[in-house]
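Let me begin by presenting the structure, written as structure tokens, before commenting on it.
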Amino acid sequence: MNPASVVLVTGANSGFGLATTQALAEKGYRVYATYRSPRKSGHLWQLSKRYRVFPILMDVDKKVSVERAVKQILKKEGRIDVLMNNAGFVMAGCWEDLSEADIEAQFQTNLFGLLRVTRAVMPAMRRQGSGKIINVGSIAGFMATPLLGPYSATKFAVNSVTEALRMEGRPWGVDVTEINPGEVQTNVVQNARMGKKVKSGTSAYTPFTLEMENWQKGRFAKGAPVEVFVKTILKVLEDRPTRRRYLVKMDDRILYTLRWLLPDALWEWGTGLMFPWSRFPL
Amino acid sequence: MESNPVALITGCSTGIGYETALLLGQNGYRVFATLRDLKRSAALKKAANGLPLEIIPMDVDRSPSVKKAIASVLRKAGRIDVLVNNAGWGAFGAMEEFSDEEIQAQYETNVFGLLRVTRAVLPIMRRQEQGRIINIGSLAGKMTFAGIGLYCSSKYAVEAITESLRFEVRPFNIEVALVEPGTIRTPFKTNRRKSKVFLEKSSVYQKELERILFFGNNPPASAPGPDQVAEKVHEALQDRRMAIRYPVGRDAVWLPRIRWFMPDFLYDFVVKARYAQFRKESA
Numbered sequence: 164m165n166p167a168s169v170v171l172v173t174g175a176n177s178g179f180g181l182a183t184t185q186a187l188a189e190k191g192y193r194v195y196a197t198y199r200s201p202r203k204s205g206h207l208w209q210l211s212k213r214y215r216v217f218p219i220l221m222d223v224d225k226k227v228s229v230e231r232a233v234k235q236i237l238k239k240e241g242r243i244d245v246l247m248n249n250a251g252f253v254m255a256g257c258w259e260d261l262s263e264a265d266i267e268a269q270f271q272t273n274l275f276g277l278l279r280v281t282r283a284v285m286p287a288m289r290r291q292g293s294g295k296i297i298n299v300g301s302i303a304g305f306m307a308t309p310l311l312g313p314y315s316a317t318k319f320a321v322n323s324v325t326e327a328l329r330m331e332g333r334p335w336g337v338d339v340t341e342i343n344p345g346e347v348q349t350n351v352v353q354n355a356r357m358g359k360k361v362k363s364g365t366s367a368y369t370p371f372t373l374e375m376e377n378w379q380k381g382r383f384a385k386g387a388p389v390e391v392f393v394k395t396i397l398k399v400l401e402d403r404p405t406r407r408r409y410l411v412k413m414d415d416r417i418l419y420t421l422r423w424l425l426p427d428a429l430w431e432w433g434t435g436l437m438f439p440w441s442r443f444p445l
Numbered sequence: 122m123e124s125n126p127v128a129l130i131t132g133c134s135t136g137i138g139y140e141t142a143l144l145l146g147q148n149g150y151r152v153f154a155t156l157r158d159l160k161r162s163a164a165l166k167k168a169a170n171g172l173p174l175e176i177i178p179m180d181v182d183r184s185p186s187v188k189k190a191i192a193s194v195l196r197k198a199g200r201i202d203v204l205v206n207n208a209g210w211g212a213f214g215a216m217e218e219f220s221d222e223e224i225q226a227q228y229e230t231n232v233f234g235l236l237r238v239t240r241a242v243l244p245i246m247r248r249q250e251q252g253r254i255i256n257i258g259s260l261a262g263k264m265t266f267a268g269i270g271l272y273c274s275s276k277y278a279v280e281a282i283t284e285s286l287r288f289e290v291r292p293f294n295i296e297v298a299l300v301e302p303g304t305i306r307t308p309f310k311t312n313r314r315k316s317k318v319f320l321e322k323s324s325v326y327q328k329e330l331e332r333i334l335f336f337g338n339n340p341p342a343s344a345p346g347p348d349q350v351a352e353k354v355h356e357a358l359q360d361r362r363m364a365i366r367y368p369v370g371r372d373a374v375w376l377p378r379i380r381w382f383m384p385d386f387l388y389d390f391v392v393k394a395r396y397a398q399f400r401k402e403s404a
């Protein structure tokens, strides 16, 4: 891809978004990096002093905010070559412990927000006759674990959205793909939100919640460095056409393969071994 | 004397919900069949004559409505043994062209509605230390098809909900499963809502969408009917331990498996061939 390309990265103030912004900036791309909270945009403004990084305010939950930001970029650049839909967060808690508002908030950002940005950018890409959209999914997009039900549900849905957009976009030269990272050392766990009831002690699921929390933290502590994600993103940018789905490390690939090769019952039994509270008999 | 197990089924005015309510009614369940609009209950009322089946209003989109319906079931029967989450509909149109409101509406019923009912029933089932929840998923929850991408994504979410919930509620002896119909001869046509852009014929994908709609409106005669989905629900309820998935129809069994082994271009070819077969059968 031409390094003068215009890239839009959502949720760029930390984690995958920030790492990608920095890597692409170093390669010479013009990166429009969105953030929701000005308080947390410091890294981006620092990058903007050295590279062609343009921090821009965008709350993917809000239609007006998304449309204004996209319009602003198009006015300045006339085009958007790459969109990386990265903004998202984790809502943790058992289904019954979360409130309706908790669940909707998770969908609002991870799914509806992704669609909002995509729908705003898509017409411009169609007019250009080219473009690339990279949705940041997760291994939770093919592997649903307890306590992360809402997160998984949004990532499963992103998976489907990617495929639909891929079919729709192809005739227009718009290439849509998805990257599914597993545990990578970002602050996604520290930034996770939890339902109010989850740790209040009034829930029947409390022992399970604590068990799962430890399990997750343990996995993320052993997670891969964020560079493996960046390496994959660079590959996605070069690939033409892209593959339908990119995984970033070997253990994710093994999981993905097992998911499809194993019959449901065996898969569930296997993953269940990780959650003693709800172990399934084979 | 042990009383009949109590089943709560959502979305019973037509199709899968309707057939399931009748079948469970005939098989020893005390059925509470819910529908959004009581004006559409005449057919079910007539068919259920003499069966232990009660029709109650419930709009899964609305929390108060869900709570009220479940309270009335509890008052009458004292328990809920089986929940069949069937209420749902399909948005039709290009992903790019749905409005925020259309996207929200699709999820409001198919995902948030399902969760609303499920989350209201879970405390009851936990108290009973027993219960079964069957979500009506779809082949569209395993594979995405053009023109119904938004609907597919809502069904993907239902897959994740089912899989994660199974882990969470297992210690309480509550089981959760998916019944996944493929192409079905159902009045789904009436349960389809086309995007505004498509209806106004101003879609940039208009021609392609018209073509897809034609196939969608003309399922092959060989496709199973909603009664076969109801039988699958009954079969799942009889299983000693419910599996995760119960596909209905050959396409629902095989397409997802084939998909996995196929490169993208070959898969596209197969989908096209399948559409061609639909066209031939419906001609």
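As they're listed, the protein sequences go chains P and Z.
For our numbering, count along the first sequence from 1 and bump the result up by 163.
For our numbering, count along the second sequence from 1 and bump the result up by 121.
By construction, the Cβ of each residue, glycine as well, lies at the ideal position given by its N, Cα and C atoms.
Our two residues, T135 (chain Z) and L425 (chain P), have alpha carbons roughly 36 angstroms apart in a direct line. Residue-level contact check: M285 (chain P) touches chain Z, since one or more beta carbons of chain Z fall below 7 angstroms from its beta carbon. G268 (chain Z) and T311 (chain Z) have their C-alpha atoms spaced approximately 16 angstroms apart.
Counting the other Cβ atoms within 10 Å of the Cβ of S343 (chain Z) gives fewer than 16, which makes it exposed.
For P292 (chain Z), the chain P residues whose Cβ falls inside 8 angstroms of its Cβ are F371, W440 and S441, in order along the chain. Only residues of its own chain outside the window of five on either side were considered, and among them G191, Y192 and R193 have a CB closer than 8 angstroms to the CB of A167 (chain P), listed in chain order. The segment 178 to 192 of chain P and the segment 254 to 265 of chain P do not touch, with fewer than three beta-carbon pairs separated by less than 8 angstroms. V253 (chain P) is outside the set of residues whose beta carbon lies under 7 angstroms from a beta carbon in chain Z.
Put simply, the segment 159 to 177 of chain Z does not touch the segment 204 to 219 of chain Z. Fewer than three CB pairs are less than 8 angstroms apart. At a Cβ-Cβ threshold of 7 angstroms, A128 (chain Z) and V203 (chain Z) count as neighbours. With respect to chain P, the C-beta atom of F153 (chain Z) has no partner C-beta closer than 7 angstroms. Short of 6 angstroms from the beta carbon of E240 (chain P), and not among the five residues preceding or following it, lie these beta carbons of its own chain, in chain order: V169. Residue contact with chain P for A281 (chain Z): present (Cβ-Cβ distance below 7 angstroms to some residue of chain P). No Cβ of chain P is located within less than 7 angstroms of the beta carbon of W375 (chain Z). For D427 (chain P), the closest Cβ of chain Z is nearer than 7 angstroms. In the DSSP assignment, L246 (chain P) is bridged to P:L171 and P:I296. Contact check for Y195 (chain P) against L210 (chain P) fails: the beta carbons are separated by 7 angstroms or more. Interface criterion not met: the Cβ of L418 (chain P) is under 7 angstroms from no Cβ in chain Z. Distance check between G346 (chain Z) and each of Z:S324, Z:Y139 and Z:R362 places Z:Y139 closest, using alpha-carbon atoms only.
Within chain Z, M216, T265, G270, L271, C273, S274 and Y277 have C-beta atoms less than 9 angstroms from the C-beta of V324 (chain P), given in sequence order.
Interface criterion not met: the Cβ of F390 (chain Z) is under 7 angstroms from no Cβ in chain P. Residue environment for P368 (chain Z): buried (at least 16 other C-beta atoms within 10 angstroms of its C-beta). For the pair of segments examined, the segment 292 to 307 of chain P was found to touch the segment 240 to 249 of chain P: the number of CB pairs separated by less than 8 angstroms reaches three. Cβ proximity to chain P below 9 angstroms picks out I224, Q225, Y228, V232, F233, L236, R237, T239, R240 and L243 from the segment 224 to 243 of chain Z. In this structure, C133 (chain Z) lies near L156 (chain Z), with their beta-carbon atoms less than 7 angstroms apart.
Contact between the segment 388 to 408 of chain P and the segment 270 to 290 of chain P is not established, with fewer than three Cβ pairs separated by less than 8 angstroms. The Cβ-Cβ distance between Y419 (chain P) and L429 (chain P) does not fall below 7 angstroms. When only Cα atoms are considered, P185 (chain Z) and Y214 (chain P) end up about 53 angstroms apart. In this structure, G358 (chain P) sits near L261 (chain P), with a CB-CB distance shorter than 7 angstroms.
With contacts defined by Cβ atoms closer than 7 angstroms, V233 (chain P) and G294 (chain P) do not form a contacting pair. For G211 (chain Z), the enclosing beta strand (DSSP E) stretches over residues G211 to F213. Bounds of the alpha helix (DSSP H) holding G178 (chain P) are G178 to E189. For K226 (chain P), at least one C-beta of chain Z is nearer than 7 angstroms to its own C-beta.
The DSSP-derived three-state label of L261 (chain P) is coil. Partner residues in a beta bridge of I379 (chain Z), as assigned by DSSP, do not exist. Going by C-alpha positions, T365 (chain P) is about 21 angstroms away from R287 (chain Z).
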